[in-house]
Amino acid sequence: MRLVVRTAVAATVAVLTIAYALSSLHCTEAVGQSCNDNSACAQDGSEKCKSGSCKCNAAYEHYEITAIPFLDYCKKCTFGRYKDSVGNFDCYPTRRCEPGHRYKHVSKNQDATCPACESGKYQAKVNHRDDNCYTWSTCAAGKYVKQSATTKRDRSCDACPAGKYTPRSNRLTCSDCPSGKYQDNSGRSSCKTSTTCDDGYFSISEPPTSDRICAKACSPGKYSTLQSLDTCILCEPGTYQDQSGQTGCKPCVDAYQPIAGQYSCITYNTCGAGTKFKAGSATADRTCEACEAGKFRASPSHKYTTCLSCPPGTFQPKSGQSGCLSCFECTIGYAEDTPCTPSTDRTCTDKDPPAIVLRRPDNNAVITNTYVVEATFAFEPPIFTATDAAAGAVTKTLPPNIDDIDTSTVRSDQMLTYKATDANMNTATRTITVVVVDTTGPAITFDPAVLQLEAGEEVMRSNFTVGVSIVDRVDGTLGINLLEYDDSDVNVNTLGMYEVVYTLSAPDSNNNEAPPTTRTAAVVDTLAPVITIGFGDRDVSEHNVVIHEAATEFIFPSQSAFDTFDTAVNGGDVRRNEEPTFSSVVDDGTQFTFTYTATDASDNTATVVYVIEVRDTMAPTITINGEHNITHEAGTEYVDAGATATDLLEDAIGRGVEVVVTNNVLSKPPSAPAVFTVEYDACDKADNCRLAIRTVHVLDRTAPVVTLYGAEEVHVPYATRYVEAGYSAQDVHDGNVTSQVVVSGADVIDVHVAGTYEIEYAVMDASGNTGVAVRTVVVEALMRPEQEDVVVELVLAGMPETIFGGVLQLERDLEEALNVEIVVVFNVKDGGMRKTAPGVSTSATVVEFGVRASDTLQWRDAKVFADDLAQQVAFVGDVRVLGASVAGSMSSSSSPSRGGSVAGPAAGGVAGLLLLVVVAAVVLRCRSRTAKSRLAAPGAEGAVTMNPTFEGGQVEPEEHVYQVPARLLATMPGSAKNTRRHTRWDPSFYDVGKSETQQQQQQQQQQQKPPPQHQPQPQQPLQPQRKQRKQHDGAENVRGTGERDEDNGNRTRPQSIHAWSSDLYDTHEGSEHALTFRVAVPTHSSTLASNASRDIRDAPVYDVVEVVHSRR
């Protein structure tokens, strides 16, 4: 009890001393900042702002230490961040660059830029901060460019397959070996010459990938094969051969042959009308079957295997028929009851009433609900029509009050009802309302609309009333004496346009006033000069159009003019305007407008317009390059020598004439020899055309070819996928036979089993020639990447043998958790015990894996996935994530940083001592702050940086926080720099939930159990025990990190001390700094107390962290 009281008093005195000391300190350094009171600070560290008044400059961000009042400072922006103005806020992330650009960051006070990669280099990363562009790769001779290079991607190469070659580097495609040559290796720059067959033998096969094979020339009805080069074999029944020296027999097509060794087949017999042809076999004749109901066949002698369905509008209820019957058509007014089908007729019924239409008699407009008529007009009934789609008369009934409609007054209470009934007693009615209105006032009209006044003449009322009429629909014509006008705008002594406004002095009888009406008055001098244009003997159309031949000389016409009043006007006053400027070298149909004008003194202008139209009527001349009659080898691409054309106009313009080549040559005709034509058409822009023809004789001498796309040997990275590059098969006679290629061996490829696989591609043409190609697929062994920045180290709760269903399932779970397509696991190992909360530990498994990009299969940046797993992914499958980091690095997202290592608490009597030490450290810290500027980047030498939080929230009530010198970390046993991870049970671990005897038994079991080994092969998966693991999720083994004190077996000293810092300081030798950190030890330990009393001088690195004293 006395010890507790003494401890409490000491702690209270220490706290008061710390508060007093902190309240009087102004120890904020000035480097990288200015003061909020607008005073400047020397940047050599000799000045400082008052406490709490830091204002960080550009390139520095603000930090405030909440654990110690009035202490704040500025820290330089780290990599990938910047700050361009003064203020207490965080640095901004710099921009990231897209493919085709490199990252360039000049300073911390401005954003980065992304300059484009120069020609010949590329950058493929997305959203990156890589400051390099990389040189394009080169494809050597024997290889081709599989993917062209851009500034966003590298050039990729692939070896030319057998049968192809490239003589130079960076070729886009491989060339086929020409006729008479072959290449049996891939990646070659030339082809080998084929051997020559002896007399009496012929070339049975000339594949591009091997030498020519010769065989004996057999007579018709026989053939030779690759397996019987010197023996002739009889054609089997169902086949024939009509030529000698062949490698196979032809199948009987639309015919049969029951005997072997024949040179022809027997044609199938035909079927008659009403039947369908059921084809026989290659060795037997056909049979005939009757057509089904709803179908027919009209041909009396045919080989059709199906019958035709009755076309729309016809039907046939019987089988075995040669035609169909027409379906019944519903007459007008009847609707279809049952439809017409190929086997049944149509039925019809009348269901619709007549359609009533009412129209206005004045404009034939359709009346909807109301019929508006003008008052005082004689009532004209609507035009009443009724129509019915069905045959028969329609009876129309007029409204009984049709003759009683009154239009003498304005009203809208009169109704008219119309009725119509068709021959099938379907009745329709229609009711409308008659509305009588009077809405029109008197109308003032002018004839002519424009009043023309000759300049200088005197005008009177009669000049303004001429051509004026006043008419009202009800009152009729009104007297001209009601007309009033305003001519104040008119000046007859000045040429121009004026307005005269007319009104009436009184409305009509229904009080409808005439609206003010404006009439235009023109004061003009109307006589203009006369222009004469002379084209000589050239034809001028009635529309003044003159035709001129293109690209020939044009002679301009003569011009003259005279004016009745202005005698000074002559030919020299005539102005010609060309639109556009004339040229004879223009397109056919181009028109030029020649506008001739002459103006007298009164500005009366005369205008004469002529159109000069340029015509091109001469066709081009064609010259064929080379011979007009040539021969060409079948099966090889025909390249035409082309032709040239000349044209007078087109050559003068400089654009020339294009020759359109219609190449009708088939390099693989159905039969040979064959004759084709190449047509050359040349048309100028005016469609003047000329045609020339070349004759090409095609001779067939080429055998079938089978081609594989892509490399002959394909390497597939482990655990990715094999993608088929494709293939094709081509025969001179049969054309493209790719669809008949049989592929075998692809289904046995297992990308999780390293080894070599073979895929065979085989095809047989109609002549029985078989082509075979083999592709080798090598599944590479599982290899860990050399670069560490692509390997993620993942820590999961549980032991390897209890939580996973094999590596394949683990990869699938990771792909789902990270939303990626390809995950490759490199290693699974026992992670020992990991802290998950203060005083709580659990077994852990460490998984090393990488992620490949789905498109390029390149390894992706491990940091992205480590951050996702550490911050956003709580489970992989149903296994809890404890932490993740890039392999070989110390990350804030790694497992140890989540919970931190906890050391044991110290005795209560040490509290006062620690607090007094901290007070002295803070005072010394303030004195030394100006000695050197703080370092900007975290992780400097000597710093201890770990996560400052424990899982589970705040410090438990029984814990206490102390401050001790930073140097204690270097002197205490099990300090942060000496901390090691335990992969299995040893005496340095203890289980607080078990007795000492149970702990020793568990230690022996763990020592006897072999460590788990990662088996990446799918044949040996790790066996899952997921249900059992789920039952233990809420009750993990709780372990500490204490070990027995060598001096006292009843006490436990700290095995490890984990300290963390938000910033680093570089101090000179001899300075003193206080370091606050967390440590947990048993309450009866004296280790912390003894270390707390040590000297704190000359500590190299200090920062603010916490120490936790816990009693458990």
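Those letters in the sequence shown? Residues -30 to -1, 1 to 1082, per mature numbering (1 follows the signal peptide of the UniProt record, and there is no 0), in order.
Glycine included, every Cβ here is placed at the ideal spot set by N, Cα and C.
Just so we're clear, the structure is a prediction, and the values are computed from it rather than from any experiment.
Which first and last residues belong to the alpha helix (DSSP H) in which residue i is found?
{"i": "Lys833", "result": "Ala832 to Gln841"}
{"i": "Phe434", "result": "Arg431 to Thr435"}
{"i": "Leu764", "result": "Run containing Leu764: none in the alpha helix (DSSP H); it sits in the beta strand (DSSP E), Val762 to Ala767."}
{"i": "Gln779", "result": "Val777 to Leu788"}
{"i": "Asp621", "result": "Leu618 to Ile623"}
Report the option in the options whose CA atom is closest to the CA atom of residue i.
{"i": "Glu758", "options": "Ala836, Phe354, Gly801 and Leu497", "result": "Ala836"}
{"i": "Val404", "options": "Ser382, Gly411 and Val581", "result": "Ser382"}
{"i": "His602", "options": "Thr587, Thr496, Ser637 and Ser77", "result": "Ser637"}
{"i": "Cys44", "options": "Leu678, Tyr650 and Ala29", "result": "Ala29"}
{"i": "Ser714", "options": "Glu694, Asn706, His703 and Ala724", "result": "Glu694"}
{"i": "Gly696", "options": "Gly680, Pro687, His703 and Ala689", "result": "Gly680"}
{"i": "Glu88", "options": "Arg123, Val460, Ala111 and Lys116", "result": "Arg123"}
{"i": "Ala363", "options": "Ala393, Thr346 and Met385", "result": "Ala393"}
{"i": "Ser709", "options": "Val645, Met734 and Lys192", "result": "Met734"}
{"i": "Gly57", "options": "His71, His32 and Asp81", "result": "His32"}
{"i": "Gln232", "options": "Lys192, Cys261 and Gly250", "result": "Lys192"}
Quick check on residue i: does DSSP put it in helix, strand or coil?
{"i": "Ser194", "result": "strand"}
{"i": "Ser865", "result": "Because the pLDDT at Ser865 is just 39, under 50, the model does not fix this residue reliably, and the value given afterwards should be weighed accordingly. It is coil, neither helix nor strand."}
{"i": "Val675", "result": "strand"}
{"i": "Glu771", "result": "helix"}
{"i": "Gln710", "result": "helix"}
{"i": "Ala644", "result": "strand"}
{"i": "Val718", "result": "helix"}
{"i": "Leu852", "result": "strand"}
{"i": "Glu451", "result": "The amino acid at residue 451 is misidentified as Glu; the sequence shows Asn. Helix, per DSSP."}
{"i": "Gly112", "result": "coil"}
{"i": "Ala946", "result": "Note that Ala946 scores 34 on pLDDT, short of 50, meaning its location in the model is unreliable; the coordinates nonetheless yield the value given after this. Helix."}
State the CB to CB distance for the pair residue i and residue j, rounded to an integer number of angstroms; the pair is presumed to be in contact (CB under 8 angstroms).
{"i": "Arg316", "j": "Pro309", "result": "6 angstroms"}
{"i": "Asp154", "j": "Ser180", "result": "5 angstroms"}
{"i": "Leu784", "j": "Phe819", "result": "6 angstroms"}
{"i": "Phe532", "j": "Val500", "result": "6 angstroms"}
{"i": "Asn480", "j": "Asp408", "result": "5 angstroms"}
In terms of residue numbering, what span does the beta strand (DSSP E) encompassing residue i cover?
{"i": "Gly325", "result": "Per the sequence presented here, residue 325 reads as Ala, with Gly not at that position. Element bounds for Ala325: Ala325 to Arg329."}
{"i": "Asp307", "result": "Ala305 to Thr308"}
{"i": "Glu730", "result": "Gly725 to Met734"}
{"i": "Ile592", "result": "Thr591 to Ile594"}
{"i": "Thr746", "result": "Thr740 to Val749"}
{"i": "Ser382", "result": "Arg381 to Thr391"}
{"i": "Leu421", "result": "Val420 to Glu424"}
{"i": "Glu583", "result": "Thr575 to Arg585"}
{"i": "Arg546", "result": "Arg545 to Glu549"}
{"i": "Arg489", "result": "Thr487 to Val494"}
{"i": "Thr317", "result": "Thr317 to Thr319"}
{"i": "Val668", "result": "Cys659 to Leu669"}
Return the chain-ordered list of same chain residues with a C-beta closer than 7 angstroms to the C-beta of residue i, the five sequence neighbours on each side being excluded.
{"i": "Thr143", "result": "Tyr114"}
{"i": "Phe524", "result": "His518, Phe552 and Ser554"}
{"i": "Glu682", "result": "Pro131, Ala132, Ser156, Arg745 and Thr746"}
{"i": "Phe247", "result": "Cys241, Arg256, Cys258, His272, Lys273, Tyr274 and Thr275"}
{"i": "His71", "result": "Cys84, Pro85, Ala86, Cys87 and Gln93"}
{"i": "Thr665", "result": "His598, Asn599, Val645 and Thr647"}
For residue i, which residues from the same chain have a beta carbon less than 6 angstroms from its beta carbon, with the 5 sequence-adjacent residues on both sides left out?
{"i": "Ile517", "result": "Glu583 and Arg585"}
{"i": "Phe172", "result": "Ala187 and Gly215"}
{"i": "Thr587", "result": "none"}
{"i": "Val675", "result": "Gln700"}
{"i": "Val556", "result": "Val584"}
{"i": "Asp320", "result": "Gly303, Tyr304, Ala360 and Asn394"}
{"i": "Gly741", "result": "Val676 and Val733"}
In chain order, what residues of the same chain have a beta carbon less than 8 angstroms from the beta carbon of residue i, not counting five sequence neighbours either side?
{"i": "Val441", "result": "Pro412, Ala413, Thr415, Thr447 and Leu448"}
{"i": "Pro550", "result": "Phe562"}
{"i": "Gly437", "result": "Phe416, Asp417, Pro418 and Leu421"}
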